[in-house]
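These notes concern the structure reproduced below.
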Amino acid sequence: MQFNNYAGFFRIIISLILAMCLRIAPWPGDMAAFNPDWVLLFLIYWALAQPEHVGIFHAWVFGILVDVLTGRLLGQYALAYSIIVYICLKLHKRLRQFPFFQQGLFVFFCLLLSQLLLFFVKNLQSPAQLHASFWLPVITGTFCWPIVYGVLRFVRLSRRSN
Amino acid sequence: MIVSVALLFSEHKSSKIDGLRSTLSFFVDPLKYLVDLPNVLVERASNLINSYQVLRKENESLREAYLINQTKMLKFSALENENIRLRALLENSFKLGEQVLVAELLSVNIVPYEHIVVVNKGTRFGVHPQQPVLDSNGVVGQVFRALPFTSEIMLITDPNHAIPVQVNRNGLLTIAVGSGQLNRLLLPYLPSNADIRPGDLLITSGLGGTFPQGYPVAVVDEFTSEPSKAFSNITATPKALLDRSRELMIVWSKSIPVPLISKPIINEVEIKTRAIQ
Numbered sequence: 033m034q035f036n037n038y039a040g041f042f043r044i045i046i047s048l049i050l051a052m053c054l055r056i057a058p059w060p061g062d063m064a065a066f067n068p069d070w071v072l073l074f075l076i077y078w079a080l081a082q083p084e085h086v087g088i089f090h091a092w093v094f095g096i097l098v099d100v101l102t103g104r105l106l107g108q109y110a111l112a113y114s115i116i117v118y119i120c121l122k123l124h125k126r127l128r129q130f131p132f133f134q135q136g137l138f139v140f141f142c143l144l145l146s147q148l149l150l151f152f153v154k155n156l157q158s159p160a161q162l163h164a165s166f167w168l169p170v171i172t173g174t175f176c177w178p179i180v181y182g183v184l185r186f187v188r189l190s191r192r193s194n
Numbered sequence: 523m524i525v526s527v528a529l530l531f532s533e534h535k536s537s538k539i540d541g542l543r544s545t546l547s548f549f550v551d552p553l554k555y556l557v558d559l560p561n562v563l564v565e566r567a568s569n570l571i572n573s574y575q576v577l578r579k580e581n582e583s584l585r586e587a588y589l590i591n592q593t594k595m596l597k598f599s600a601l602e603n604e605n606i607r608l609r610a611l612l613e614n615s616f617k618l619g620e621q622v623l624v625a626e627l628l629s630v631n632i633v634p635y636e637h638i639v640v641v642n643k644g645t646r647f648g649v650h651p652q653q654p655v656l657d658s659n660g661v662v663g664q665v666f667r668a669l670p671f672t673s674e675i676m677l678i679t680d681p682n683h684a685i686p687v688q689v690n691r692n693g694l695l696t697i698a699v700g701s702g703q704l705n706r707l708l709l710p711y712l713p714s715n716a717d718i719r720p721g722d723l724l725i726t727s728g729l730g731g732t733f734p735q736g737y738p739v740a741v742v743d744e745f746t747s748e749p750s751k752a753f754s755n756i757t758a759t760p761k762a763l764l765d766r767s768r769e770l771m772i773v774w775s776k777s778i779p780v781p782l783i784s785k786p787i788i789n790e791v792e793i794k795t796r797a798i799q
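Chains H and Z, in that order, give the protein sequences.
Yeah, the first sequence ends on 194 if you go by the numbering used here, and it's all consecutive.
Yeah, the second sequence ends on 799 if you go by the numbering used here, and it's all consecutive.
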């Protein structure tokens, strides 16, 4: 059992590292604005599916790593991710009962909240002038949620069958 | 939770977190190389597949270009020495030549709505923030943040970037601001009666101290003058191939001007130019 737990945790870490790779993957031309926040999507999934493995601390650490990766002010992604994961952990029992569509709505609001927090921090730093495309990842992220859900569910269940 | 938020705000206030950032970048930088890997592999594969004929043709054309550049450089060093002598006559200071480091672009996209690119040379190679970055056609940008193995470069077209320029034809000074589009710079601080024409070459003016003087930046676009407005609405197209060049040059310029001419300085300049060659 102990070994199994470690293996599960290891998979979560690997998947999150993959998500970080996706986060900085080059998209052709102006398509880059559509790139959703994969790390947050993955974190939401793991927080809902395996709350015993993913805590606020993990979210915070990965947030800091994403901050360094994307060259932002240190801590803004850490703040956003830890708050979102906190909400997910609080609500995971209820959210698991929700139909799929409502889960999608919840994810949409999570992504929106995270982007709002990022916007807030950016505004503190300097009065920000933003393009409307700043909000695009929220929408594309919501559309990517079924894919993330399916793939990570497959990963999680394949572990169980082992 | 509260601890994390408190930490965030303390980080936000203090500026002495570069150490933490570079330590963390040890974990994160490999990811950038990992994402870039497919690109490198494709390039290697195409190099392998390239036929002998193509390579030979390329080699020949490169050799030709090298010869032409070499002859230009001969003249250039003579001109530079002459320039130093003339400035010495005027008792003027002269900036020494520059050293360059070739860095390769990593094909990662760290922020979608800002023009920041990542290259594969960092503080391990002595790169430091605010260094100018060029390609073979003109100014690309400046080093925005230097991490141990990679560094982030802000392009001149970033909305937060401004570069002091002058018109090559008549020395008119102004500032070129990034527009957020890769093929456009804005010149918002020119009065409507300024002596500037479409096709004028803008070069770095050397004011501000970040960019060395005399590198081409952009060419002024077509515009229609509107005398009724106080400031004219002029745009320019960057000379550098911002979205195409994969090799960039990070420049070290000697910041200490040399007041008067003397023998050893000429030698040093020659050595520097040789280093550039």
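The beta-carbon is built from N, C-alpha and C at its ideal position, and this holds for glycine as well.
Distance, residue j Cα to residue i Cα
i       : j       : result
A79(H)  : L145(H) : 16 Å
L556(Z) : F74(H)  : 19 Å
F89(H)  : A110(H) : 9 Å
Y574(Z) : A587(Z) : 20 Å
D719(Z) : M771(Z) : The question names Asp, but residue 719(Z) in the sequence shown is Arg. Rounded to whole angstroms, R719(Z) to M771(Z) spans 30 Å at the Cα level.
H637(Z) : M676(Z) : 6 Å
I678(Z) : W59(H)  : 21 Å
N155(H) : E602(Z) : 48 Å
A51(H)  : V622(Z) : 36 Å
R188(H) : G40(H)  : 8 Å
L184(H) : V687(Z) : 52 Å
T174(H) : I119(H) : 17 Å
W92(H)  : L570(Z) : 44 Å
V689(Z) : L723(Z) : 6 Å
D680(Z) : T759(Z) : 13 Å
Y181(H) : Y38(H)  : 22 Å
F670(Z) : I44(H)  : The sequence as given places Pro at residue 670(Z); Phe does not occur at that position. Those two C-alpha atoms are separated by around 28 Å.
S47(H)  : G541(Z) : 28 Å
H124(H) : S547(Z) : 32 Å
G731(Z) : Q664(Z) : 12 Å
G702(Z) : H683(Z) : 9 Å
G87(H)  : L121(H) : 8 Å
R578(Z) : H85(H)  : 58 Å
V649(Z) : S673(Z) : 8 Å
N591(Z) : Q735(Z) : 21 Å
According to DSSP, residues forming a beta bridge with residue i
i       : result
L627(Z) : V641(Z)
S673(Z) : V641(Z) and A668(Z)
M771(Z) : V624(Z) and L656(Z)
V741(Z) : L723(Z) and T759(Z)
A716(Z) : DSSP, once it has assigned bridges, lists no residue as partnering A716(Z).
V687(Z) : T696(Z) and T726(Z)
L707(Z) : G700(Z) and A758(Z)
G663(Z) : V655(Z) and L677(Z)
F753(Z) : P713(Z)
Beta-carbon spacing of residue i, residue j below 8 Å
i       : j       : result
Y711(Z) : T726(Z) : no
L101(H) : V562(Z) : no
A752(Z) : G660(Z) : no
L150(H) : A112(H) : yes
Q108(H) : V153(H) : yes
L708(Z) : T757(Z) : yes
A698(Z) : A740(Z) : yes
I96(H)  : L106(H) : yes
S754(Z) : A716(Z) : yes
A65(H)  : P634(Z) : yes
P475(Z) : F733(Z) : Residue 475(Z) cannot be examined here, being either before or after the span of chain Z that is shown, 523 to 799.
K554(Z) : V630(Z) : yes
E626(Z) : E769(Z) : yes
I632(Z) : G103(H) : yes
L628(Z) : N642(Z) : yes
I116(H) : L72(H)  : yes
L704(Z) : L656(Z) : no
V139(H) : I179(H) : no
Any non-hydrogen atom of the ligand GTP within 7 Å of residue i CB
i       : result
L601(Z) : By its list of ligands, the structure shown contains no ligand whatsoever, and the ligand GTP lies outside what it can speak to.
### Task
Select from the region 86–99 of chain H all residues with a C-beta closer than 7 Å to any C-beta belonging to chain Z, and list them in chain order.
Taken in chain order, the members of the region 86–99 of chain H whose beta-carbon sits within less than 7 Å of a beta-carbon on chain Z are I88, W92, I96 and L97.
### Query
For the region 162–176 of chain H, which residues have a CB atom closer than 9 Å to at least one CB atom of chain Z, in sequence order?
Result list: L162, H163, S165, F166, L168 and P169.
### Task
Identify each residue in the region 631–650 of chain Z for which the Cβ-Cβ distance to at least one residue of chain H is less than 8 Å, and report them in chain order.
Under the 8 Å Cβ criterion, the region 631–650 of chain Z contributes N631, I632, V633, P634, Y635 and I638.
### Task
Give the residues from the region 544–559 of chain Z that approach chain H closer than 8 Å (Cβ to any Cβ), ordered along the chain.
Cβ proximity to chain H below 8 Å picks out L546, S547, F549, V550, L553, K554, L556 and V557 from the region 544–559 of chain Z.
### Message
Whether or not the region 135–145 of chain H and the region 167–181 of chain H are in contact is what I'm after, with contact meaning three or more pairs of Cβ atoms, one per stretch, closer than 8 Å; do they touch?
### Response
Contact holds: three or more Cβ-Cβ distances are below 8 Å.
#### Entry: Contact list for the region 34–55 of chain H against chain Z, Cβ threshold 8 Å
I49, M52 and C53: these are the residues of the region 34–55 of chain H whose beta carbon lies less than 8 Å from some beta carbon of chain Z, given in chain order.
### Message
I'd like to know if the region 629–645 of chain Z and the region 737–753 of chain Z are in contact, where contact means that at least 3 CB-CB pairs between them fall below 8 Å.
### Response
Counting Cβ pairs under 8 Å, fewer than three are found: no touch.
### Query
Along the region 570–586 of chain Z, what residues have a CB closer than 8 Å to any CB found in chain H?
Within the region 570–586 of chain Z, no residue has a Cβ lying closer than 8 Å to any Cβ of chain H.
### Query
Listed in chain order, which residues of the region 677–708 of chain Z have Cβ atoms closer than 8 Å to some Cβ of chain H?
Answer set for the region 677–708 of chain Z: P681 and G702.
### Query
Which residues, taken in chain order from the region 141–153 of chain H, show a beta carbon closer than 9 Å to some beta carbon of chain Z?
Residues passing the 9 Å Cβ filter: V153.
### Query
What residues from the region 657–669 of chain Z come within 9 Å of chain H, judged by C-beta to C-beta, listed N to C?
Hits within the stretch, in order: F666, R667 and L669.
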